[in-house]
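A.B. asks: Next up is a structure, given as structure tokens.
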Amino acid sequence: MKTCLYEVGELTFALHLPEEEAWDSRLQNYRPFSVRQADDLLFQLSVLPAREMLPDTAADKLMTTFEEESQQFRLFRTAADEVKIEMTLSNRPKAISYLVMADRYASGKLYIRGGIEFRDYVVNNAVMILYAFAGAFHHRLLQHASVIKRKDKGYLFLGKSGTGKSTHSRLWLRHVGQCELLNDDNPVIGLNAEGIPTVYGTPWSGKTPCYKNEAARIGGFVQLWQAPENKIAELSVVQAYAALLPTVSSMKWDRRMADAMNETLNALITKVPVFSLNCLPDEAAAELSFHALTGE
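Position 71 of the sequence shown, counting from 1, maps to 214 under the numbering used here, and the rest follow consecutively.
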């Protein structure tokens, strides 16, 4: 197996990959995060060769099932207290994968049946899942958001798919000076070693290839809503928690993970403003959120 080390959000993890596959050309989004050594690992993921037998689920306890776009998931708990995630795609009925996680998400094994494109997709998803689950215990949360970096601060735009997060970021890039896109889909948020609210670039950025190994102090969050006019309001602490909770990835039925996630969210919302923005996809909306977030 070939071992690759990556650091995301100041936490390092290891991928153990089959030597017979050409991974260097297939994991280019991870290159900016590559490191040569690490003292501690957040988790280790072993991607097993395609010839490996798939794990059996007959004796496992089915915990839940859910769908996300074209993906179908089934979550099991094994007799050995492992968490097993089965994933299939609606457009590839013969392809299937199993991610088996143990040691409180510190280790994982990935079994895949499918072509190269499916294998790459599954590896990326498995790394994201392990990072989200293990990172929650280290004040790191994987969030669904688009992030603009300006003057060493990060501003995060939240909302359901199709709300216009990426569009609002592009409006900032076009109409607000000194801006750059830090991540367009899955940044990591949390508290750094000094307890400062921080957003980190990641190897996961949705359809926009924006893989920056950079960080910024969080300047604020904006929950977006499509509306016929532009209007912004700062949320109370309770409202802010309700706005952020659905945007972070975790297994909320895992009590320890949920408690760790809640601790980080509560720390963030007491230190960082959260706004709700009813908006049109126009320059005025970008100017409104910019002035509210920065006071400029």
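We treat Cβ as the ideally placed atom computed from N, Cα and C, and that holds for glycine. Because the structure is a prediction, the values reported are computed rather than measured.
Pull the bridge partners of P340 from the DSSP assignment, please.
C.D. replies: If you number the sequence shown from 1, residue 340 lands on position 197. Per DSSP, the beta-bridge partners of P340 are L334.
A.B. asks: Buried or exposed: which applies to G278, given that a residue is buried once 16 or more other Cβ atoms fall within 10 Å of its Cβ?
C.D. replies: Position 135 of the sequence shown, counting from 1, holds the residue named residue 278. It is buried - the Cβ of G278 has at least 16 other Cβ atoms within 10 Å.
A.B. asks: In the DSSP assignment, find the beta strand (DSSP E) that holds H311 and state where it starts and stops.
C.D. replies: Against the sequence shown, residue 311 aligns to sequence position 168. Per DSSP, H311 belongs to no beta strand (DSSP E); it is in the alpha helix (DSSP H), 308 to 318.
A.B. asks: Does DSSP put E211 in a helix, in a strand, or in coil?
C.D. replies: Counted from its first residue, the sequence shown places residue 211 at position 68. DSSP places E211 in strand when its eight states are reduced to three.
A.B. asks: Can you give me the Cβ contacts of N409 inside the same chain, cut-off strictly under 8 Å, excluding the 5 residues immediately before and after it?
C.D. replies: Reading the sequence shown from its first residue, position 266 is the one you call residue 409. Here the set comprises Y384.
A.B. asks: For the putative contact between Q286 and P352, defined by C-beta atoms under 8 Å, what is the C-beta separation to the nearest angstrom?
C.D. replies: For this step, residue 286 is matched to residue 143 along the sequence shown. For this step, residue 352 is matched to residue 209 along the sequence shown. That belief does not hold up - the Cβ atoms of Q286 and P352 are roughly 19 Å apart, past 8 Å.
A.B. asks: The beta strand (DSSP E) spanning E150 covers which residue range?
C.D. replies: To locate residue 150, count along the sequence shown from 1; it is residue 7. Taken as a continuous stretch (DSSP letters only), the beta strand (DSSP E) holding E150 covers 145 to 151.
A.B. asks: Which partner residues of A358 appear in the DSSP bridge assignment?
C.D. replies: As a working note, residue 358 is residue 215 in the sequence shown. According to DSSP, which records beta bridges pairwise, A358 is partnered with Y343.
A.B. asks: Assign R179 to one of three DSSP states: helix, strand, or coil.
C.D. replies: In the sequence shown, the residue the question calls residue 179 occupies position 36. Of the three classes helix, strand and coil, the one that applies to R179 here is coil, per DSSP.
A.B. asks: Ignore the nearest five residues each way along the sequence and tell me which others in W166's own chain have a CB closer than 6 Å to its CB.
C.D. replies: Against the sequence shown, residue 166 aligns to sequence position 23. Excluding sequence neighbours, W166 sits near L160.
A.B. asks: Which whole-angstrom value is the C-beta distance of A359 and K292, which I expect to be below 8 Å?
C.D. replies: In the sequence shown, residue 359 corresponds to position 216, counting from 1. In the sequence shown, residue 292 corresponds to position 149, counting from 1. Going by Cβ atoms, the distance from A359 to K292 rounds to 5 Å, so yes, they are a contact pair.
A.B. asks: On the DSSP bridge list, what partners appear for F300?
C.D. replies: Stepping through the sequence shown from its first residue, residue 300 is reached at position 157. Paired residue(s): S289, V365.
A.B. asks: Can you give the beta carbon distance from S419 to Q366, rounded, assuming they're within the 8 Å contact cut?
C.D. replies: Numbered from its first residue, the sequence shown carries residue 419 at position 276. Numbered from its first residue, the sequence shown carries residue 366 at position 223. The pair is a contact, with the Cβ atoms about 5 Å apart (cut-off 8 Å).
A.B. asks: Report back the beta-carbon spacing between G363 and L314 to the nearest angstrom; my notes put them in contact at under 8 Å.
C.D. replies: On the sequence shown, position 220 is the one that residue 363 refers to. On the sequence shown, position 171 is the one that residue 314 refers to. That belief does not hold up - the Cβ atoms of G363 and L314 are roughly 16 Å apart, past 8 Å.
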